[in-house]
RNA sequence: GGCAUGGUCGCCAAGUGGUAAGGCCAGGCUCUGCAAAAGCCUUAUACGUCGGUUCAAUUCCGACCCAUGCCUCCA
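In my numbering, the protein residues as written are 69 to 547.
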């Protein structure tokens, strides 16, 4: 039984789908006015893994990830660049798709855009006005927070506290400083749509209420996003949706922790943010996924070069062993000394499920995987591994791979990619390296170890590590 | 000020009312011409402080200290 931490109740709860066998989940995507950063990467990978796990567990998953393609920041940025806002959003939607594909994300079931749902947005606002929860002032419409009882139930805030802490708002039109905009009138030269209240555009939160309910129903299972969205974004979404339908909006609210850089919050205003494309120049996508999954999704995650480099070293160790296992299986010889560990493998699989069932504890699973890495290296060294056990293990790893998107059985995807990067970083070719390997072999034959070591050290300085095999051949790997 | 979250080995990071996963780094050993890889061992007397409950607490409760986040656009 899957346990899932619900922000609203602040407890782990047993997951029971609203509709038998189905999971309907929504995760806030991004507002497309800039390249996606590594915080987005964490968020995306988190919900990607959650949706993959539900699928793996046999659920029929409908996963909706929205794109907010109209808002103040977009307008501002487009104006700065002197281009139509649609040109800006198209550019960054494209960039987002390529980033997210590089990270190995599965495509969500739907990826709706705010500007394609203006009619539904207007409908929802009208409903809120009818229900006495929204009011029009001039050509703007606001949500009346105090009219919705239950406001604050997600974030655990009460209105009085908010009121006293509320920053003075320049929007004097609002009846209450806590009220927020559902519809904003257009200033000259701003993108606009016709509405009963005049030309304008939707406020920030309304598009998520509309798109989630349109594709998932008025009540759905899971709604996710970054911690910072709990308030006000998700609180407002909840108020809008439940205020309009008078039905519960979301069963489980899920929020991932932040990704910090060098222990500092990453933010666009501080300018210390790294984009996904930046880091992918430096690291293999799997390293990023691995790095993200070594920490529980709700905990903060600190991005430092050191931490990510460690992650790469760990993954290399995993793949080096995986390659040994592949070779062992294709040789197909079970040594006489082989010991049967089927029972332990069965436990491994159960532990994988139990860890993931426990609020998606990917970190625990990774710990379990590395216990096996050590086990197999030893078994291979000591000739105690059996082919059928290893095959069985590789099958379990394939299951884990299908959920995590890392730990593939195709080791080349990772190891060869690192080698290619080492080559291109040094403007070397495979032939250059092979030539040096041959030269070193000659030197070794002539007991000219000084020259042999020189070659090895030279290559090592370039991140290329030679390895002499027992059969006399030499291979290399990237470090 | 209000509301949250967290403090576990040098670093990263799981977890539990009763001998505390895993990764990285470092040192030693085996192997090797020397290395690398791998393994084994060491660092391990690691659970913020002080009280309380308990036969037993790192794990529950309370206080305190420290850090972080939200309360304003933000994943």
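From the three backbone atoms N, C-alpha and C, an ideal C-beta is built for every residue, glycine too. Note that the structure is predicted; figures quoted are calculated from it, not measured.
Sub-8 Å separation of residue i and residue j beta-carbons
i           : j           : result
residue 267 : residue 254 : yes
residue 75  : residue 323 : yes
residue 355 : residue 374 : no
residue 117 : residue 180 : no
residue 107 : residue 317 : no
residue 248 : residue 273 : yes
residue 242 : residue 210 : yes
residue 529 : residue 520 : no
residue 91  : residue 124 : no
residue 151 : residue 98  : no
residue 82  : residue 69  : yes
Separation of residue j from residue i, as counted between CA atoms
i           : j           : result
residue 93  : residue 397 : 40 Å
residue 129 : residue 278 : 20 Å
residue 442 : residue 348 : 29 Å
residue 524 : residue 486 : 18 Å
residue 171 : residue 204 : 44 Å
residue 112 : residue 516 : 54 Å
residue 458 : residue 73  : 35 Å
residue 422 : residue 187 : 45 Å
residue 236 : residue 245 : With a pLDDT of 48 at residue 236, under the threshold of 50, the predicted position of this residue should be treated as unreliable, and no value is reported.
residue 226 : residue 417 : 45 Å
residue 538 : residue 462 : 26 Å
residue 527 : residue 534 : 8 Å
residue 288 : residue 262 : 30 Å
residue 341 : residue 297 : 18 Å
residue 439 : residue 504 : 37 Å
residue 96  : residue 468 : 26 Å
residue 434 : residue 413 : 15 Å
residue 509 : residue 518 : 12 Å
residue 178 : residue 184 : 13 Å
Those residues which DSSP pairs with residue i across a bridge
i           : result
residue 93  : 131, 290
residue 178 : 132
residue 268 : 253, 261
residue 329 : 332, 371
residue 542 : 536
residue 81  : 72
residue 99  : 136
residue 204 : 209
Of the residues the options, the one placed nearest residue i, counting alpha carbons only
i           : options            : result
residue 80  : 354, 183, 320      : 320
residue 191 : 308, 170, 101      : 308
residue 154 : 143, 330, 290      : 143
residue 269 : 114, 207, 315      : 207
residue 271 : 500, 368, 189, 146 : 189
residue 470 : 328, 177, 420, 104 : 420
message: Counting beta carbon pairs with one atom in the stretch 407-427 and one in the stretch 448-457, are three or more of them shorter than 8 Å?
response: yes
message: Contact between the stretch 476-484 and the stretch 381-392 is defined here as three or more beta-carbon pairs at a separation below 8 Å; is this criterion met?
response: yes
- prompt: On the three-pair Cβ rule with 8 Å, is the stretch 214-231 touching the stretch 147-164?
  reply: no
message: Taking contact to mean 3 or more Cβ pairs, one atom from each stretch, closer than 8 Å, check whether the stretch 350-369 and the stretch 131-151 are in contact.
response: no
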